[in-house]
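Numbering (the UniProt record's numbering), first residue to last: 1 to 278.
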């Protein structure tokens, strides 16, 4: 009866003989034992259970001398009691493990987001570095052209001295070229940024951004023309004239839009209800 009373306690039934007979007579008794929820049983149940398990006769060997079936149930009761003692020690650790797993998951998710952002920044940096390298290459090319021009001027000094007007014109050309070279890096940098970013903005906002970029160049001591003009720096005058002859409006905004379409690396989105772009 002690074994059955302890089983009734675990099943949260009255620990009396009438209830024990009813429990044993239940066709699903074994299934209840197999599917017993050992993790969510209240502590008060295990405290009541000790009233029976602390008896010296509550051992599988002694119970087995009376009933083999009760011996198995005695082993089951004692196993649950030992499991509960271990579970009480392990449960807080399991909770900490779950919390650590959750923290790790959040950290990994955050890391993935940061890595994605870093990848985009690195790609953008590579693009800017390439644009800068293109500007440097263009500058070196212009330096070589300057050297070649200076050599030609030297070789033609006799002719230039004989033609005073030509000499003055050549001298002015050299001055203009020197002046342009002084601001080449900043002009090219601002022009590249304009082509890359300003296409979607209004004329007023474009001008505001260009003025800010010019100021940033001067603060960073990057040489830039005193009177920077995007159209004059990046567009060919003959090409602009041809566009205007073909119907492009003569205002600065339309000319800049044509430059962005021509110079941009990606296919542009054109809002063109009049069909001028074709």
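Ideal Cβ positions, reconstructed from N, Cα and C, are used throughout, including at glycine.
- A residue is called buried when at least 16 other Cβ atoms come within 10 angstroms of its Cβ; residue 110 does not meet this threshold and is exposed.
- Linking residue 137 to residue 242 through their CA atoms gives a straight-line distance of about 29 Å.
- When the Cα atoms are used, residue 197 and residue 95 turn out to be separated by approximately 51 Å.
- Contact between residue 252 and residue 200 does not hold, since the beta-carbon distance rounds to 17 Å and is not under 8 Å.
- Scanning 193, 187, 210 and 236 for the CA closest to the CA of residue 222 turns up 187.
- Residue 41 and residue 116 have their alpha carbons spaced roughly 47 Å apart.
- One thing to note: residue 139 has its Cβ within 8 Å of the Cβ of residue 185.
- Counting only the Cα atoms, residue 272 lies some 46 Å from residue 108.
- Per DSSP, residue 271 is not a residue of any alpha helix (DSSP H), being assigned neither H nor E.
- Within the same chain, and ignoring the five residues on either side of residue 84 in sequence, the residues whose Cβ sits closer than 8 Å to its Cβ are 38, 41 and 46.
- Assigned with DSSP and collapsed to three states, residue 66 falls in coil, not helix or strand.
- Ranked by Cα distance from residue 61, the options 71, 216 and 123 are led by 71.
- With fewer than 16 neighbouring CB atoms inside 10 Å of its own CB, residue 86 falls in the exposed class.
- Setting aside the 5 residues that flank it on each side, residue 81 is surrounded in the same chain by 46, 49 and 53, each with a C-beta closer than 7 Å to its C-beta; the list follows chain order.
- Membership of residue 245 in the alpha helix (DSSP H) is indicated by the continuous run 237–245.
- The Cβ neighbour count for residue 191, taken over all protein chains shown within 10 Å, is at least 16; the residue is labelled buried.
- Across the structure, residue 172 and residue 131 are spaced so that their CA atoms are roughly 31 Å apart.
- In the three-state reduction of the DSSP assignment, residue 41 falls in the coil class.
- Residue 125 is not a Cβ neighbour of residue 181, given a cutoff of 8 Å.
- Judged by pairs of C-beta atoms under 8 Å, the stretch 214–232 touches the stretch 255–265, as three or more such pairs exist.
- Just so you know, the alpha carbons of residue 169 and residue 236 end up roughly 21 Å apart.
- Remark: C-beta atoms of residue 209 and residue 135 do not approach each other more closely than 8 Å.
- Residue 193 holds the alpha-carbon nearest to the alpha-carbon of residue 234 among 218, 153, 249 and 193.
- Cβ contact annotation for residue 31 (same chain, cutoff 7 Å, sequence separation greater than five): none.
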